[in-house]
Structures are given as C-alpha cells and as structure tokens.
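Below: the structure, in structure tokens.
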Amino acid sequence: MRIGLLTGGGDCPGLNAVIRAVVTKGVTVHGHEFVGFRDGWKGPLEGLTRPLGLEDVAGILSLGGTILGSSRTNPYSTDGGVDLIRENVQRAGIDALVALGGEDTLGVAKRLTDDGLGVVGVPKTIDNDLAATDYTFGFDTAVGIATEAIDRLRTTAQSHHRAMVVEVMGRHAGWIALHAGTAGGANGILIPEQQFEVAEVCGWVESCMARGVAPIIVTAEGALPSGGEEQLLAHGVDEFGHVRLGGIAEWLAEEIEQATGSETRSAVLGHLQRGGTPTAYDRVLSTRLGLNAIDAVHERDFGMMVALRGTDIVRVSLAEATDELKTVPPERYAEVAAFFG
Ligand code: F6P
C-alpha cells in the first residue's frame, strides 16, 4: 500500500515518535511505502507532499514538533474541499491516510471516512481531552513542564512574599491545570469545568499569607469567575473557529492584589508547554500508538482510532473518539480541594 501521513491541529511532543513508528513498521514489517502530507489537512487539500522514508524518520524519536508541519485547516470549510482531497490523494497514488490529531483533525478524519476515504486516526493533544482514550501523548510532557515552572515560581514567590497566578493551557478542559497543580502543590486550582468565586480564591491567598506561605494559584486558560463570559478572555478565533483563550491569570492577579493587598504576579506558560522534547512516557505511548495504527491500516480497518485503555492499545471508532470532550469530572476536582488555601 501507499500511505499518506499528516499531523493536524496544535503540535505536541510525541508526534515525530508516532511518525517514526508508523513508517518504520510500515516499511520493514508490512512492506508499505509512505508520503508525507504537509501542514495538516492543508496538505491533501492543496496537494502539498514530501518524501517520507526510513531515512526521513531516523533520529526523530526525541524531536519535538512535527517534521510534517501542522495547521488547523478544515477542508469542510472550503467549497469542494472533499473533492480536492480525493483528487490529490488519487493523484499521489495513496490508498490510505493516517491522521494524527485532536478532536478537530479526527473529526475531519471521521467525515472523510464517511465520504469514502480510508483513514486511521491517532489521538494527540496536550489537553488530554479526547474521550475515547485514557491519555493522549503530549499531555505528560506539558504537565512536566508546567510542574517544573510551578516549582520555580514558588521559590521566587516565597522570597518576595508574593502570590503567584500561573496560567496553563487546556482550552475547555482542566486536565493540565489539575495535574500540574496537584504535582506542583498548588494552593488553588481553577478549571473551566467549574466557575470560581474570586472571594474564595482571595480567601485561599489570605490564609496562605497568614501562615507565611507564598500562594500559588494554577488556573487553566479557560477558567472563568462566577457569571463570567468566555468572550472576556477570547482573542479572536483560530482557523477551526475555536476561540483563542488567554488572560485570566493577569486579570485574576489584579483582583487578588486589590482585594487582599498582597502583591500578586501572573505568569502565562503558553506554548512553552507544547515545545521541546517529549518525556519518556510520551515517547513510549506515541511509539505504541504508531505501531498499532499501522497494523490497523495494514488490515484496512479504516474509520478507527488507536487508543490507550488501561495499559492496552485498542481500536475505537472515529465516531466514538470524536463524540464528546473528556473534561475533568467534579469528583476529581473535589479530591484535591483539601490542598486549597
Ligand atoms: O489544543 C492545544 C492547545 O495548545 C490549547 O491548549 C490551546 O488553547 C491552543 O492549542 C492554542 O492554540 P494556538 O497554538 O493556535 O495558539
């Protein structure tokens, strides 16, 4: 078979490890050949390809980002987009596609499967918000980076007797905030799944200050105060139509300083969480997902996504995979509340 590979949506550490696994096993075990599509769905849409052989994937296991490039292009927003993809895929002699992505990229993969193309999906996102898999690769790396940042912010905050509000990514899911906040011993964690009361957060800050602890409040970029509107924190929309979030930490730091009188600073970790080398956990998960994805393609088991369930890699339908977002359940959030304040 001749197989096209693409990576879509926000990049994340581990994408190259998947590409390496798919191509290595595909060539050496199954005897397939590969074509790389550049920049997510833009590649098949505009016929942008690059060679993808064993020599191209050598040494990329630990490399962050994606050698294929990425974009948030949605072919269903382009008139005749599906027909263009079909034509370009046929012209390149492609029998099947492997799409690495999150809810958007895999949502397109599902629709293309319905439209008759052979696609297998691999779940990626630092947000860990895909429902059909226990974990997505990139998440462990992002949590590690955020945790290290919290550790570092804690020592400077403690030296200056300041409160610190740390903003992490995650869009509409609070997984990064929950895990990094827990690992970093945060004195408050705010997630999009539950609106927060500014007065309560100020109470946490005051009780920390009263016992000589410089409080660290970790907030997800999508967290909102009670009655708050997402629009207040939105900076336009991306190519896929999602609001671009950011600014809650700066806003909250000012509120805390005004209400408590404690000097308060904010730090936004932003894309630092997505860059650089994947952790060992993410390298292993990416590699296993890649090895299983190429088996699914080889068996022509299209319309499926490989997923982690417990310690097993299983196949689930793309329909199930893109059905709903996996958000933080209230009981998981309640569990860590004992550390707040
Ligand atoms: O979905 C991954 C993610 O990093 C989100 O956590 C974040 O909201 C968004 O992508 C940022 O997107 P961009 O790289 O387009 O600014």
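Plus 191 on top of the position in the sequence shown (first one is 1) and you've got the numbering used here. Glycine included, each C-beta is placed from N, C-alpha and C at the ideal position.
My understanding is that Asp-320 touches Ala-374, with C-beta atoms under 8 Å, so please give their C-beta distance in whole angstroms. Here residue 320 refers to the residue found at position 129 of the sequence shown. Here residue 374 refers to the residue found at position 183 of the sequence shown. So it is not a contact: roughly 19 Å between Cβ atoms.
Return the bridge partner residues of Lys-133 from the DSSP annotation. Residue coverage of the chain in this structure runs from 192 to 532, which leaves residue 133 outside it and unanswerable.
Using a Cβ distance threshold of 8 Å, determine whether the region 247–263 contacts the region 274–281, with at least three qualifying pairs required. No, the region 247–263 does not touch the region 274–281.
Any idea what DSSP makes of His-426, helix, strand or coil? One-based indexing of the sequence shown puts residue 426 at position 235. It is a strand residue.
How far does the alpha helix (DSSP H) with Asp-305 in it extend, from its first residue to its last? For the purposes of this step, residue 305 is identified with residue 114 of the sequence shown, where counting begins at 1. Unbroken alpha helix (DSSP H) run through Asp-305: 294–305.
Comparing alpha-carbon positions, which option in Arg-229, Gly-419, Val-218, Ser-453 lies nearest Thr-240? Here residue 240 is taken as the residue at index 49 of the sequence shown, counted from 1. Looking from the CA of Thr-240, the closest CA among Arg-229, Gly-419, Val-218, Ser-453 belongs to Arg-229.
Excluding five sequence neighbours on each side, which residues of the same chain lie with their C-beta closer than 7 Å to the C-beta of Gly-217? Position 26 of the sequence shown holds residue 217. If the five residues before and after Gly-217 are omitted, its C-beta is found closer than 7 Å to the C-beta atoms of Ile-194, His-223, Phe-225, Ile-485, all from its own chain and listed in chain order.
Can you say whether Ala-337 is buried or exposed, counting buried as having 16 or more other CB atoms within 10 angstroms of its CB? Here residue 337 refers to the residue found at position 146 of the sequence shown. Of the residues assessed, Ala-337 falls on the buried side of the cut-off, its CB having 16 or more other CB atoms within 10 angstroms.
Cα-Cα separation between Gly-200 and Met-360, rounded to whole angstroms: For this step, residue 200 is matched to residue 9 along the sequence shown. For this step, residue 360 is matched to residue 169 along the sequence shown. Straight-line measurement puts the Cα of Met-360 at about 14 Å from the Cα of Gly-200.
In three-state DSSP terms, what is Phe-530? For the purposes of this step, residue 530 is identified with residue 339 of the sequence shown, where counting begins at 1. Phe-530: helix per DSSP, three-state reduction.
Give me the Cβ distance between Gly-501 and Asp-270, rounded to the nearest whole Å; I'm assuming they're in contact under 8 Å. As a working note, residue 501 is residue 310 in the sequence shown. As a working note, residue 270 is residue 79 in the sequence shown. In fact, because the Cβ distance is near 44 Å, the residues do not count as touching under 8 Å.
Going by Cα to Cα distance, which pick from Thr-304, Thr-478, His-351 is closest to Leu-288? Counting from one through the sequence shown, the residue named residue 288 turns up at place 97. When only C-alpha atoms are compared, the closest one is Thr-304.
So, under 8 Å CB-CB, Leu-480 and Phe-328 are touching, yes? Tell me the CB distance rounded to an integer number of Å. Against the sequence shown, residue 480 aligns to sequence position 289. Against the sequence shown, residue 328 aligns to sequence position 137. Their Cβ separation, rounded to whole angstroms, is 7 Å, which keeps Leu-480 and Phe-328 in contact under 8 Å.
Under a CB-based cut-off of 7 Å, is Leu-499 close to chain B? No chain B appears in this structure, which consists of one protein chain only.
With Ile-194 as the anchor, note down where its beta strand (DSSP E) starts and where it stops. One-based indexing of the sequence shown puts residue 194 at position 3. Here the beta strand (DSSP E) through Ile-194 covers 193–198.
Quick one, which of Arg-506, Gly-205, Leu-243 has its alpha-carbon nearest Thr-215's? Here residue 215 corresponds to residue number 24 of the sequence shown, with the count starting at 1. Taking only the C-alpha atoms, the option nearest Thr-215 is Leu-243.
In this structure, what does DSSP give as the bridge partners for Ala-411? The residue you call residue 411 lines up with position 220 of the sequence shown. For Ala-411, the pairing in a beta bridge is given by DSSP as Val-359.
Enumerated in chain order, which unbroken segments of the alpha helix (DSSP H) with a length of 4 residues or greater are wholly contained in the region 226–273? You should have 233–237, 245–248.
Have a look at the DSSP bridge pairing and note the partners of Met-495. Looking up residue 495 in the sequence shown gives position 304. Beta-bridge pairing links Met-495 to Val-311, Ser-508.
Would you call the CB atoms of Leu-509 and Gly-494 closer than 7 Å? Here residue 509 corresponds to residue number 318 of the sequence shown, with the count starting at 1. Here residue 494 corresponds to residue number 303 of the sequence shown, with the count starting at 1. Yes. Within cutoff.
For Thr-346, count neighbouring Cβ atoms within 10 angstroms of its own Cβ and tell me buried if that reaches 16, exposed if not. For the purposes of this step, residue 346 is taken as the residue at position 155 of the sequence shown. Looking at its Cβ environment, which holds fewer than 16 other Cβ atoms inside 10 Å, Thr-346 is exposed.
Ordered along the chain, which non-local residues of its own chain (more than five positions away) have a Cβ less than 7 Å from that of Val-299? Indexing the sequence shown from 1 puts residue 299 at position 108. Excluding five sequence positions before and after Val-299, the CB atoms of its chain that fall closer than 7 Å to its own CB belong to Trp-232, Asn-265, Pro-266, Tyr-267, given in chain order.
In whole angstroms, what is the alpha-carbon distance linking Leu-516 and Ala-525? On the sequence shown, position 325 is the one that residue 516 refers to. On the sequence shown, position 334 is the one that residue 525 refers to. One alpha carbon belongs to Leu-516, the other to Ala-525, and they sit about 20 Å apart.
Taking only heavy atoms of the ligand F6P into account, decide whether any of them is closer than 6 Å to the Cβ of Gly-222. Here residue 222 is taken as the residue at index 31 of the sequence shown, counted from 1. No, since every heavy atom of the ligand F6P falls outside the 6 Å radius drawn around the Cβ of Gly-222.
Helix, strand or coil, according to DSSP, for Asp-503 in the structure here? Start at 1 with the first residue of the sequence shown, and residue 503 comes out as number 312. It is a strand residue.
Under 6 Å from any heavy atom of the ligand F6P, does the C-beta of Thr-264 make it? Counting from one through the sequence shown, the residue named residue 264 turns up at place 73. Thr-264 Cβ: outside cutoff for every heavy atom of the ligand F6P.
Alpha-carbon to alpha-carbon, Ala-371 and Ser-453: By 1-based counting over the sequence shown, the position of residue 453 is 262. By 1-based counting over the sequence shown, the position of residue 371 is 180. Their backbone Cα atoms lie some 24 Å apart in a straight line.
Is Gly-361 a contact residue of the ligand F6P, with contact defined as CB to any heavy atom under 6 Å? Here residue 361 refers to the residue found at position 170 when the sequence shown is read from its first residue. Yes, the beta carbon of Gly-361 sits closer than 6 Å to at least one heavy atom of the ligand F6P.
Beta carbon of Ala-368 nearer than 7 Å to that of Val-396: In the sequence shown, the residue the question calls residue 368 occupies position 177. In the sequence shown, the residue the question calls residue 396 occupies position 205. Cβ atoms of Ala-368 and Val-396: not closer than 7 Å.
Using alpha carbons as the reference points, say which of Gly-437, Gly-466, Glu-420, Val-404 lies closest to Phe-530. Counting from 1 along the sequence shown, the entry for residue 530 is found at position 339. Taking each of Gly-437, Gly-466, Glu-420, Val-404 in turn and checking the Cα distance to Phe-530, the smallest one comes out for Val-404.
Starting from Glu-224, follow its DSSP beta bridges and name the residues at the other end. As a working mapping, residue 224 is identified with position 33 in the sequence shown. Its beta-bridge partners are Arg-193.
Please determine whether the Cβ atom of Gly-201 lies at a distance below 6 Å from any heavy atom of the ligand F6P. Position 10 of the sequence shown, counting from 1, holds the residue named residue 201. A heavy atom of the ligand F6P is found nearer than 6 Å to the CB of Gly-201.
Cα-Cα separation, Asp-492 to Leu-436: Counting from one through the sequence shown, the residue named residue 492 turns up at place 301. Counting from one through the sequence shown, the residue named residue 436 turns up at place 245. Between the C-alpha atoms of Asp-492 and Leu-436 there is a straight-line separation of about 37 Å.
For Ala-290, the nearest candidate out of Ile-341, Thr-332, Val-213, Gly-250 (CA to CA): Here residue 290 refers to the residue found at position 99 of the sequence shown. Out of Ile-341, Thr-332, Val-213, Gly-250, Val-213 has the C-alpha closest to the C-alpha of Ala-290.
Three-state secondary structure (DSSP) at Thr-215? Within the sequence shown, the letter at position 24 stands for residue 215. For Thr-215, the secondary structure class from DSSP, reduced to helix, strand or coil, is helix.
Apart from the five residues just before and just after Gln-386, which ones in its own chain have a Cβ nearer than 6 Å to its Cβ? Indexing the sequence shown from 1 puts residue 386 at position 195. The beta carbon of Gln-386 sits closer than 6 Å to those of Leu-415, Ser-417, all from its chain and outside the five residues before and after it, given in chain order.
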